[in-house]
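Number of protein chains: 2
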Amino acid sequence: MNNLSTLTKKQRDVLRFIYNEIKSRQLPPSLREIAAHFGFASVGSVQDHLQALVQKGFLKITENKSRAIEIIKKNIFSIPLIGTVQAGMPTLAVENIDEYLNLDDMIFSGVDIFGLRVKGDSMVDAGIMPHDLVVVRSQSVAEAGEIVVAVSGEEATVKYLKKIGGKYYLVPANPKYNPILLTSEFSIIGIVLTVIRKLGK
Amino acid sequence: MNNLSTLTKKQRDVLRFIYNEIKSRQLPPSLREIAAHFGFASVGSVQDHLQALVQKGFLKITENKSRAIEIIKKNIFSIPLIGTVQAGMPTLAVENIDEYLNLDDMIFSGVDIFGLRVKGDSMVDAGIMPHDLVVVRSQSVAEAGEIVVAVSGEEATVKYLKKIGGKYYLVPANPKYNPILLTSEFSIIGIVLTVIRKLGK
DNA sequence: TTGTATACTGTACATTTGTACGGTAGTATA
DNA sequence: TATACTACCGTACAAATGTACAGTATACAA
């Protein structure tokens with residue numbers, strides 16, 4: 001699967017510029033606008049970069065149409081939405097993606113973001129209900145107090161990370177369940193940034 | 001404040017087409033593409049419509065730039081975000097808007113959508129926490145079981161609508177609070193479609 | 001060494017596109 | 001009746017834009 005690392009720095013800059021223009025002005029740039037932004041004296045330079053970006057699968061350009069530069073989001077921009085929290089993380093990234101959730105900000109920040117469908121009621125007291133969608137930022141460390149996604153084997157769960165008596169625990173926000181001591185068999189894969197729930201028709 | 005009713009049907013159609021093109025293809029249409037879509041034999045027809053849409057405040061067009069048609073969203077597309085639920089609805093729509101929340105879908109459906117910042121803990125058991133953002137569809141009727149926004153005087157609250165013994169009640173999802181009989185002093189102004197909570201930095 | 005990718009300059013040309021006119025017709029409003 | 005707005009057609013032109021081709025230079029891998 002494509003990712004930004006196959007691009008040179010310059011190509012990434014050009015892609016970022018195109019992306020920003022589309023986002024902020026709702027209007028893809030013309031070749032000469034791109035050239036002007038980077039200080040190129042020639043449109044040929046832009047042509048080269050665009051050709052590379054097309055070839056590497058990041059752009060689609062329609063012939064003979066002004067500004068018809070399309071960013072192929074699947075390869076870079078989208079947040080893979082995993083079916084349920086149960087899905088084991090190691091396999092998630094590649095196969096279990098069944099939907100795409102677009103969060104257009106924080107894209108070129110370099111961080112990895114993904115969505116997760118919550119299963120189970122272990123976090124209801126924190127307002128995270130079954131079937132809610134949580135947006136998760138991938139990171140292997142977290143601070144006490146944050147809501148984290150932790151994986152053990154094939155199982156992933158959403159819990160509070162808390163420090164009790166010098167030790168770290170995964171704490172459910174539901175008195176029905178007990179805190180779990182954070183051992184080496186768990187790995188924290190990210191923290192919850194946003195909770196989204198759809199109710200209406 | 002502008003709204004779609006100041007437009008003729010044709011102008012609305014043109015605006016909708018432009019909007020859809022931008023949304024679906026990320027590329028505003030050229031004049032001739034618009035003409036082709038509507039079967040106009042002349043670009044002059046398109047010029048007339050665009051001129052009207054600009055004059056009425058729905059579009060902004062940059063001169064001498066291809067496809068530089070910008071939709072002025074404030075006037076049509078955005079969801080006004082009200083500061084807190086406490087704000088009385090009658091005044092909300094005009095003055096108390098302090099932010100705009102973009103939900104790009106369901107725009108031309110004609111329904112009115114707005115965002116509301118939740119204050120208070122009366123719905124925590126339904127996973128709606130203080131400071132959550134709820135997206136509300138304006139409607140004056142609702143069905144039992146739905147989460148509604150009800151206004152009484154200057155006060156607005158989010159509650160379950162339930163039918164108990166033939167009568168309707170506004171029911172908090174928190175045992176700390178009691179159900180409220182739905183009398184004529186309340187009016188239901190909408191139902192909650194989505195709950196959004198931002199956690200991460 | 002040869003080939004290939006990157007990263008540019010420069011020029012010429014065809015197409016796309018926006019713009020500026022002028023004209024016709026229907027309808028609603030003053 | 002006059003005026004204005006809507007809703008089209010048609011034409012001509014200049015500017016914006018995409019495209020094609022040729023060239024230079026560097027770095028890196030086969």
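Protein sequence lines correspond, in order, to chains A and B. Note that the first sequence ends on residue 201 in my numbering; no numbers are left out. Note that the second sequence ends on residue 201 in my numbering; no numbers are left out. Ideal Cβ placement from N, Cα and C applies to all residues, glycine included.
Every beta strand (DSSP E) stretch that sits fully inside the stretch 32-74 of chain B and reaches 3 residues is listed by chain position as 59-61 and 69-71. Here B:Ser187 is exposed. Its C-beta has fewer than 16 other C-beta atoms within 10 Å. Of the residues B:Ser30, B:Ala144, B:Met129 and B:Gln51, the one whose Cα lies closest to the Cα of B:Gly165 is B:Ala144.
Residue B:Arg12 holds the alpha-carbon nearest to the alpha-carbon of B:Phe58 among B:Arg12, B:Glu33 and B:Ser45. The Cβ of B:Gly127 sits closer than 8 Å to at least one Cβ of chain A. Taking 8 Å as the CB threshold, A:Lys162 stays off the interface with chain B. In this structure, B:Gly127 and A:Arg197 form a Cβ contact; the two beta carbons are roughly 7 Å apart against a cut-off of 8 Å. Per the coordinates, the alpha-carbon of A:Leu133 lies some 12 Å from the alpha-carbon of A:Leu199.
Taking 8 Å as the CB threshold, B:Thr183 stays off the interface with chain A. Boundaries of the beta strand (DSSP E) harbouring B:Lys198: Ser187 to Lys198, taken from the DSSP string.
Proximity of B:Leu31 to chain A, defined by a Cβ-Cβ separation below 8 Å, is not satisfied. Inter-residue distance for A:Glu70 and A:Glu21 is about 12 Å (C-alpha atoms, whole angstroms). By the Cβ neighbour-count rule, A:Ser122 is buried, with 16 or more other Cβ atoms within 10 Å of its own. Using a Cβ distance threshold of 8 Å, A:Ala68 and B:Leu27 count as a contacting pair. Close to chain B, meaning a Cβ-Cβ distance shorter than 8 Å, is no residue of the stretch 47-63 of chain A at all. With fewer than 16 other CB atoms across the displayed protein chains lying within 10 angstroms of its CB, A:Leu181 is exposed. Shown here, A:Val124 sits in a helix according to DSSP, grouped into three states.
In this structure, the CA atom of B:Lys60 is about 17 Å from the CA atom of B:Lys23. From the listed residues B:Ala35, B:Val141, B:Ser140 and B:Leu161, the smallest Cα separation to B:Ile147 is found for B:Leu161. A:Leu170: member of the beta strand (DSSP E) spanning Lys167 to Val171, first to last residue.
In this structure, the alpha-carbon of B:Val192 lies about 30 Å from that of A:Ala156. Excluding residues up to 5 positions away in sequence, Leu182 lie with their Cβ nearer than 6 Å to the Cβ of A:Tyr168 in the same chain.
B:Ser66 belongs to the set of residues whose beta carbon lies under 8 Å from a beta carbon in chain A. Residue pairing of B:Arg117 in beta bridges, as defined by DSSP: B:Leu133.
Contact with chain A is found for B:Ile22, since one of that chain's Cβ atoms lies less than 8 Å from the residue's Cβ. Here DSSP, grouped into helix, strand and coil, assigns B:Tyr160 to strand.
For A:Thr6 against A:Lys65, the beta-carbon gap comes to about 27 Å, at or over 8 Å, which does not count as contact. For A:Val14, the enclosing alpha helix (DSSP H) stretches over residues Lys9 to Arg25.
Beta-bridge pairing by DSSP links B:Ala142 to no other residue. The C-beta distance from A:Ile189 to A:Ser138 rounds to 6 Å, short enough to fall under 8 Å. Taking 8 Å as the threshold, the shortest C-beta distance from B:Ile147 to chain A falls below it. Spanning the alpha carbons of A:Lys119 and B:Ile72 requires a straight line of approximately 40 Å. Within chain A, not a single residue places a beta-carbon under 7 Å from that of B:Val14; the smallest gap is close to 17 Å. Boundaries for B:Ser30: no beta strand (DSSP E) harbours it, and the DSSP string shows neither H nor E there.
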